[in-house]
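What follows is a set of notes on a single structure, which appears directly below.
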Amino acid sequence: MASLKTWAKAMRLPFLTATAVPVILGSAIAWQQGFPFGWLLFAVTLLGVSFAHLGTNLANDYYDHKSGNDEANTTPTPFSGGSRVIQDGLIKAESVRNVSFTFFVLALAAMAWLYGETRYIVLVIIGIAGGLIGFFYTAPPLKLGYRGFGELLTGVCFGPLVVMGSYAVHSGAVDRVSLLASVPVGLLIGLVLYVNEFPDYDADRSVGKKTAVVLLGKREAMGAYHNLLFFTYGFAAIFIVVGLLPLFALLVFLTLPLAIRAFLASRRYIREGEDLRALLPANASTIMLHLSFGLLLSLSFVLDRLL
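Residue numbers for the sequence shown, in this note's numbering: 1268 to 1574.
Okay, here's the thing in structure tokens:
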């Protein structure tokens, strides 16, 4: 039987920051607008979305194994190439699949409880949409991540869907503030996936997995990564100027050093013969950028109500 440490590796627990940030943001927006904050509702929402995320991670490991994608990957890094627990013989593929299904069932149970407590049908719609996208990201017959939709759908799920869903848990509806505030957060988590795809280029191409990096080629894809990295701040600035985000949202610009570090490291990777060691700081910085940007944006809504 695999140890808890091995299962933690399979589930890629550190990546749950992608779940926590949009749940916190959606809840903060609702509270800033005067809706009562329910700690139990918040906790069950966070658990439910986390269960769906863990189910997705394990399903991706299983179906990338079945497609031969992870076996073809000879350059795994701490940020890419799957958890490798199947490839290293640490956990049987069928066990990974079964635990994935269990997490999806737990996510469904959390959604059902939230609906029972609130009677907000929008939660069911968002929850089912997110769960289906997560499962069919690599599962046949859709295999969405293999067809050029991976980065977009990741951004949509961990941006608008989770932010608006978390907002709706407290408010009973969605609004344009929760939608637009989710854009930079969704863009950044999409970029986390995007920059993590560069080491997987050869393996993805060999099995016909059409990621953005495969479709564009490494140099063009890196240029797009750089542009989108700084577009995030452009979106934030515009939304602040037109009054859709509070003035305190200027706090997100404190994260610019992380964006610059990611930019310089990723540029060095291309210029220095695609040495994966040069890319690792960009991978780490993009993850930290998403986390810090999202938390500061959430804090801006809290401060706007308090002050």
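Just so it is clear, CB atoms sit at the ideal spot from N, CA and C, and this is done for glycine as well. Quick caveat, the model's predicted, so the values are computed rather than measured.
When you compare each of 1496, 1353, 1513 to residue 1528 by their alpha carbons, which one comes out closest?
Residue numbering aside, residue 1528 sits at position 261 when the sequence shown is read from its first letter. It is 1496 whose Cα lies nearest to the Cα of residue 1528.
Short of 8 Å in beta carbon distance, which residues of its chain neighbour residue 1325, apart from the five on each side in sequence? Order them along the chain.
Position 58 of the sequence shown holds residue 1325. Cβ neighbours of residue 1325 within its own chain (closer than 8 Å, five residues either side excluded): 1277, 1278, 1363, 1364, 1366, 1367, 1370.
Is the distance from the Cβ of residue 1525 to the Cβ of residue 1555 below 7 Å?
As a first step, residue 1525 is located in the sequence shown; it is residue number 258 there, counting from the start. As a first step, residue 1555 is located in the sequence shown; it is residue number 288 there, counting from the start. Against a cut-off of 7 Å, the Cβ pair of residue 1555 and residue 1525 comes out as a contact.
Quick one, are the C-beta atoms of residue 1294 and residue 1318 less than 7 Å apart?
Residue numbering aside, residue 1294 sits at position 27 when the sequence shown is read from its first letter. Residue numbering aside, residue 1318 sits at position 51 when the sequence shown is read from its first letter. The answer is no: Cβ separation not under 7 Å.
Within 7 Å, strictly: CB atoms of residue 1330 and residue 1396:
Start at 1 with the first residue of the sequence shown, and residue 1330 comes out as number 63. Start at 1 with the first residue of the sequence shown, and residue 1396 comes out as number 129. Not a contact, by the Cβ cut-off of 7 Å.
By DSSP, does residue 1350 sit in helix, in strand, or in coil?
For the purposes of this step, residue 1350 is identified with residue 83 of the sequence shown, where counting begins at 1. In the structure shown, residue 1350 sits in coil (DSSP, three-state: anything other than H, G, I, E or B).
Would you say residue 1333 faces chain B, with C-beta separation under 7 Å as the test?
Looking at the structure shown, chain B is missing, and only one protein chain is on hand.
For the alpha helix (DSSP H) that contains residue 1571, what are its first and last residues?
Working through the sequence shown from its first residue, we reach residue 1571 at position 304. It spans 1543–1573 - the alpha helix (DSSP H) in which residue 1571 sits, taken as one unbroken run.
Within a Cβ cutoff of 8 Å, which residues of the same chain sit near residue 1492, ignoring the five residues on either side of it in sequence?
In the sequence shown, the residue the question calls residue 1492 occupies position 225. For residue 1492, where only same-chain residues beyond five positions count, the Cβ hits under 8 Å are 1458, 1461, 1462, 1533.
Bridge partners for residue 1344 per DSSP, in chain order?
Here the question's residue 1344 lines up with position 77 in the sequence shown. Partner(s): 1347.
What span of residues does the alpha helix (DSSP H) with residue 1469 cover, start to end?
What you label residue 1469 is simply residue 202 of the sequence shown in a count that begins at 1. It spans 1468–1473 - the alpha helix (DSSP H) in which residue 1469 sits, taken as one unbroken run.
Assign residue 1406 to one of three DSSP states: helix, strand, or coil.
In the sequence shown, the residue the question calls residue 1406 occupies position 139. Residue state, collapsed to three classes: coil.
Note the first and the last residue of the continuous alpha helix (DSSP H) segment covering residue 1509.
Position 242 of the sequence shown holds residue 1509. Neither: residue 1509 is in no alpha helix (DSSP H) and is coded neither H nor E.
Could you tell me whether the segment 1414–1430 touches the segment 1347–1359, where touching means 3 or more Cβ pairs closer than 8 Å?
no
Residue 1378, enclosing alpha helix (DSSP H) - first and last residue
In the sequence shown, residue 1378 corresponds to position 111, counting from 1. Taken as a continuous stretch (DSSP letters only), the alpha helix (DSSP H) holding residue 1378 covers 1360–1385.
Whose C-alpha, out of 1509, 1354, 1551, is nearest the C-alpha of residue 1273?
Against the sequence shown, residue 1273 aligns to sequence position 6. Cα-wise, what sits closest to residue 1273 is 1354.
Which one of 1475, 1506, 1271, 1456 has the shortest CA to CA distance from residue 1237?
Past the boundaries of the shown model lies residue 1237; the chain is included only from 1268 to 1574, so the question cannot be answered.
Report the rounded CA-to-CA distance for residue 1435 versus residue 1301, giving the unit in angstroms.
As a working mapping, residue 1435 is identified with position 168 in the sequence shown. As a working mapping, residue 1301 is identified with position 34 in the sequence shown. Rounded to whole angstroms, residue 1435 to residue 1301 spans 13 Å at the Cα level.
Classify residue 1248 as helix, strand or coil using the three-state DSSP reduction.
Beyond the ends of the chain as shown, which are 1268 and 1574, falls residue 1248; an answer cannot be given.
What residue does the alpha helix (DSSP H) around residue 1522 start on, and which one ends it?
In the sequence shown, counting from the first residue as 1, residue 1522 sits at position 255. Note, residue 1522: premise wrong, no alpha helix (DSSP H); not H, not E.
Contact between the segment 1329–1343 and the segment 1474–1488 (3+ Cβ pairs under 8 Å):
Between the segment 1329–1343 and the segment 1474–1488 there are three or more C-beta pairs closer than 8 Å, enough to call the two in contact.
Assuming residue 1564 contacts residue 1516 under a Cβ cut-off of 8 Å, what Cβ separation, rounded to an integer in Å, is found between them?
Working through the sequence shown from its first residue, we reach residue 1564 at position 297. Working through the sequence shown from its first residue, we reach residue 1516 at position 249. At roughly 6 Å, the Cβ-Cβ gap stays under 8 Å, so residue 1564 and residue 1516 are in contact.
Given a cut-off of 7 Å, decide if residue 1417 and residue 1478 are closer than it, judged by their beta-carbon atoms.
By one-based count along the sequence shown, residue 1478 stands at place 211. By one-based count along the sequence shown, residue 1417 stands at place 150. Cβ distance < 7 Å, so residue 1478 and residue 1417 count as in contact.
How would you label residue 1392, buried or exposed, when you count the other beta carbons within 10 angstroms and need 16 or more for buried?
Along the sequence shown, one-based indexing puts residue 1392 at 125. So residue 1392 ends up on the exposed side.
Let me know the secondary structure DSSP gives residue 1268 once reduced to three states.
Taking the first residue of the sequence shown as position 1, residue 1268 is located at position 1. Three-state DSSP puts residue 1268 in coil, outside helix and strand.
I'd like to know whether the C-beta atoms of residue 1357 and residue 1470 end up nearer to each other than 7 Å.
By 1-based counting over the sequence shown, the position of residue 1357 is 90. By 1-based counting over the sequence shown, the position of residue 1470 is 203. At the C-beta level, residue 1357 and residue 1470 stay beyond 7 Å of one another.
Rounded to the nearest angstrom, what separates residue 1504 and residue 1378 at their Cα positions?
Position 237 of the sequence shown, counting from 1, holds the residue named residue 1504. Position 111 of the sequence shown, counting from 1, holds the residue named residue 1378. The alpha-carbon atoms of residue 1504 and residue 1378 are separated by roughly 34 Å.
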